[in-house]
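In the numbering used here, the protein residues as written are 228 to 545. Cβ atoms here follow ideal geometry from the backbone N, Cα and C, with glycine treated the same way. Since the structure is predicted, the reported quantities are computational estimates derived from the model, not experimental observations. What follows is a set of notes on a single structure, which appears directly below.
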Amino acid sequence: MKNRLSPWNLGATLYMPATRQDIVDAVIHGKIPGLRSLVICLEDAVSEADIPVALANLEQLLQELNEARRTQGNNDWPLVFIRPRNTEMGKWLIEHQQLMAIDGFVLPKFTLSSLPVWWAIMADTHLCLMPTLETEDVFDVVQMRELAITLLAHPCHERIIALRIGGNDLMNVVSLRRPRHLTLYDSPMGYVIKMLVSVFGPRDFSLTAPVCEHIDDHAVMAQELALDIAHGLVGKTAIHPRQIEVIEQALKVTQGEHSDALRILNSTQAVFKSQGAMCEPATHRRWAAGILERVRVYGFLNEQNAEGIRVLPLTQHK
Numbered sequence: 228m229k230n231r232l233s234p235w236n237l238g239a240t241l242y243m244p245a246t247r248q249d250i251v252d253a254v255i256h257g258k259i260p261g262l263r264s265l266v267i268c269l270e271d272a273v274s275e276a277d278i279p280v281a282l283a284n285l286e287q288l289l290q291e292l293n294e295a296r297r298t299q300g301n302n303d304w305p306l307v308f309i310r311p312r313n314t315e316m317g318k319w320l321i322e323h324q325q326l327m328a329i330d331g332f333v334l335p336k337f338t339l340s341s342l343p344v345w346w347a348i349m350a351d352t353h354l355c356l357m358p359t360l361e362t363e364d365v366f367d368v369v370q371m372r373e374l375a376i377t378l379l380a381h382p383c384h385e386r387i388i389a390l391r392i393g394g395n396d397l398m399n400v401v402s403l404r405r406p407r408h409l410t411l412y413d414s415p416m417g418y419v420i421k422m423l424v425s426v427f428g429p430r431d432f433s434l435t436a437p438v439c440e441h442i443d444d445h446a447v448m449a450q451e452l453a454l455d456i457a458h459g460l461v462g463k464t465a466i467h468p469r470q471i472e473v474i475e476q477a478l479k480v481t482q483g484e485h486s487d488a489l490r491i492l493n494s495t496q497a498v499f500k501s502q503g504a505m506c507e508p509a510t511h512r513r514w515a516a517g518i519l520e521r522v523r524v525y526g527f528l529n530e531q532n533a534e535g536i537r538v539l540p541l542t543q544h545k
């Protein structure tokens, strides 16, 4: 179970509104190829007027998933999370629904002040947590440092798979929308992601990358994915099944990366040259361990057939 709930198993995390009627097919019957994790969303993807319909649909969905789990197990399923609308809805779900087939909750608008409320709701469950960083205080490095220190010492720490970066909500805080032909890193989110990695990364928290809302522009998304990986992010939010393959390809490992990782982890030399670059096991060991975890889950990139996901200069998309 611990290996199943590794952050490396998230991949492209597809968000599906709880009003959808095909979620069971996606989970049990493999309707969406390559799907590793999904979030049944009761928050931004569902209008206030549709909440009763969404909750009724979720109840039926849970009955089907629970029965399938009892008879089939769920080791081959994608990871399944629910994103409640708020703490009140989270509490109601815990108290009124059978969640045995659910792996965890995505916690919206997560802050230091909401931590004790969420933990009071979830402490006695089996559910893992994916808090979403998407409020105004995320822009404040002091508040993020305080949150990271608090989470590290809190009993919820062992239940956190990853922290999700809510790109669209954060852009909304500063009255912006992501540029159509640029990556998020060319916006204020570039600072935010770098800061969050600097604050949470050294404390061994995994962070997932924000969604790319431009569904049909895979070239820009490939550019952004390359930057996501360069920043050490694990997995990426998806809003359409067509994005899954692009994200999966970006998470694959090149033969060169794998070769370097093996040499770094097994070398007795303090420093050596490989493929035209310096390798220093003392400083590259954690990177190398991550590469081996990525190749275990995603495999190797077929570099001869990878032209569709190669990073292109952004000027070519304008």
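Roughly how many whole angstroms lie between the Cα atoms of residue i and residue j?
i, j, result
"residue 519", "residue 442", "30 angstroms"
"residue 362", "residue 397", "6 angstroms"
"residue 305", "residue 299", "14 angstroms"
"residue 535", "residue 445", "Residue placement at residue 535 cannot be trusted, given a pLDDT of 43 that sits under 50; the coordinates are not used to answer."
"residue 288", "residue 258", "15 angstroms"
"residue 487", "residue 282", "49 angstroms"
"residue 405", "residue 395", "8 angstroms"
"residue 320", "residue 529", "44 angstroms"
"residue 284", "residue 290", "10 angstroms"
"residue 275", "residue 470", "27 angstroms"
"residue 526", "residue 477", "11 angstroms"
"residue 440", "residue 514", "29 angstroms"
"residue 500", "residue 516", "19 angstroms"
"residue 236", "residue 465", "14 angstroms"
"residue 171", "residue 333", "Given that the chain is displayed from residue 228 to residue 545, the structure contains no residue 171 and the question cannot be resolved."
"residue 260", "residue 303", "13 angstroms"
"residue 544", "residue 474", "Confidence at residue 544 is low in this model, with a pLDDT of 37, below 50, so its placement is unreliable and the value that follows should be read with caution. When rounded, the distance between both Cα atoms is 19 angstroms."
"residue 234", "residue 316", "25 angstroms"
"residue 412", "residue 371", "19 angstroms"
"residue 314", "residue 495", "52 angstroms"
"residue 346", "residue 502", "48 angstroms"
"residue 262", "residue 393", "20 angstroms"
"residue 239", "residue 463", "5 angstroms"
"residue 264", "residue 504", "35 angstroms"
"residue 493", "residue 428", "24 angstroms"
"residue 421", "residue 368", "11 angstroms"
"residue 539", "residue 360", "Only weak support exists for where residue 539 lies, its pLDDT of 37 falling under 50; the value from the coordinates is given anyway. Going by the C-alpha atoms only, they are around 30 angstroms apart."
"residue 482", "residue 232", "26 angstroms"
"residue 510", "residue 252", "45 angstroms"
With residue i as the anchor, note down where its alpha helix (DSSP H) starts and where it stops.
i, result
"residue 446", "445–457"
"residue 376", "368–380"
"residue 343", "342–349"
"residue 490", "482–493"
"residue 515", "508–525"
"residue 469", "469–478"
"residue 279", "278–299"
"residue 323", "314–323"
Have a look at the options and flag the residue whose alpha-carbon is nearest the alpha-carbon of residue i.
i, options, result
"residue 434", "448, 476, 375 and 414", "375"
"residue 365", "277, 262 and 416", "416"
"residue 506", "464, 357, 253 and 484", "484"
"residue 330", "495, 427, 292 and 491", "292"
"residue 403", "393, 410 and 414", "414"
"residue 351", "369, 237, 264 and 326", "326"
"residue 457", "390, 347, 472 and 436", "436"
"residue 339", "347, 452, 378 and 355", "378"
"residue 401", "386, 389, 419 and 388", "419"
"residue 512", "524, 498, 381 and 294", "498"
"residue 323", "286, 367, 294 and 236", "286"
"residue 549", "429, 424 and 335", "Any property of residue 549 remains undetermined from this structure, which presents the chain solely from 228 to 545."
"residue 480", "508, 523, 460 and 234", "523"
"residue 606", "503, 504, 508 and 472", "The requested residue 606 is not part of the displayed model; the chain covers only 228 to 545."
"residue 357", "383, 373 and 368", "383"
"residue 408", "251, 421, 343 and 449", "449"
"residue 373", "388, 426 and 344", "426"
"residue 250", "472, 368, 468 and 521", "468"
"residue 279", "359, 245, 380 and 342", "245"
"residue 460", "380, 510, 491 and 388", "388"
"residue 256", "232, 266 and 296", "296"
"residue 355", "385, 391 and 241", "385"
"residue 337", "391, 452 and 328", "391"
"residue 472", "232, 241 and 410", "241"
"residue 452", "410, 343, 430 and 247", "410"
For residue i, which beta-bridge partners are listed by DSSP?
i, result
"residue 264", "240 and 306"
"residue 429", "DSSP, once it has assigned bridges, lists no residue as partnering residue 429."
"residue 439", "Paired residues: none, contrary to the question."
"residue 356", "332 and 387"
"residue 505", "500"
"residue 463", "239 and 436"
"residue 392", "360"
Which residue comes first and which comes last in the beta strand (DSSP E) that contains residue i?
i, result
"residue 333", "331–334"
"residue 258", "Residue 258 -> no beta strand (DSSP E), and no H or E assigned at all."
query = Counting Cβ pairs closer than 8 angstroms, one from the region 305–316 and one from the region 263–282, do we hit at least three?
reply = yes
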